[in-house]
Amino acid sequence: MDMKLELVPVPVTDVDRAKAFYTEQLGFNADLDQSFGETFRVVQLTPPGSACSICIGVGIVDTAPGSVQGLHLVVSDIHAARKELAERGVEIGEVEDMTAPGKPTVSYAAFKDPDGNGWTLQQLPY
Numbered sequence: 001m002d003m004k005l006e007l008v009p010v011p012v013t014d015v016d017r018a019k020a021f022y023t024e025q026l027g028f029n030a031d032l033d034q035s036f037g038e039t040f041r042v043v044q045l046t047p048p049g050s051a052c053s054i055c056i057g058v059g060i061v062d063t064a065p066g067s068v069q070g071l072h073l074v075v076s077d078i079h080a081a082r083k084e085l086a087e088r089g090v091e092i093g094e095v096e097d098m099t100a101p102g103k104p105t106v107s108y109a110a111f112k113d114p115d116g117n118g119w120t121l122q123q124l125p126y
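Take UniProt numbering: the last position of the sequence shown gets the number 126, and nothing is skipped along the way.
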């Protein structure tokens, strides 16, 4: 049986501000922006090269804005990706290398969206 994670809801307070952050600063593709009346709006955004999207909007989830933490964006060159995001105005932490004796290095750099939802760039050792 195949199971594919294809959509992760991310709660935000201001949909337009969040959409601008994800598209203009992170470079996500805006796949859908549809309203159904005053109480439901869905915006689907996909990171470049990803099979999984996020959705933000109104009436999507009841969780508090900023409550989603630990979302990972896997990149092949974390230093180049971090530099590009920083140049686009994303406040992103320094690259941290996690090493253990006899194990390959995994690297991380953390940042948050305007509501405090937590993201991490990750470079795997392959």
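Ideal Cβ positions, reconstructed from N, Cα and C, are used throughout, including at glycine.
The model shown is predicted, which means the values in this text are computed figures rather than measured ones.
Nearest to E24 by C-alpha distance, out of D115, H79, D97, L85, is L85. Pairwise C-beta distances place the stretch 82-97 out of contact with the stretch 45-52, as fewer than three of them are shorter than 8 Å. Burial check for S107: the Cβ neighbour count within 10 Å reaches 16 or more, so the residue is buried. Shown here, D31 sits in a strand according to DSSP, grouped into three states.
Here the stretch 54-70 does not lie against the stretch 85-103, with fewer than 3 beta-carbon pairs under 8 Å apart. Residues Q25 of the same chain have their beta carbon placed closer than 8 Å to that of G89, with the five preceding and five following residues left out of the count.
With fewer than 16 other Cβ atoms from the protein chains shown falling within 10 Å of its own Cβ, L7 counts as exposed. Annotation: the stretch 51-123 contains the following complete segments of the beta strand (DSSP E) (minimum length 3 residues), in chain order: 53-58, 71-74, 96-98, 106-112, 118-123. In the three-state reduction of the DSSP assignment, T23 falls in the helix class.
Under the three-state reduction of DSSP output, V8 falls in the strand class.
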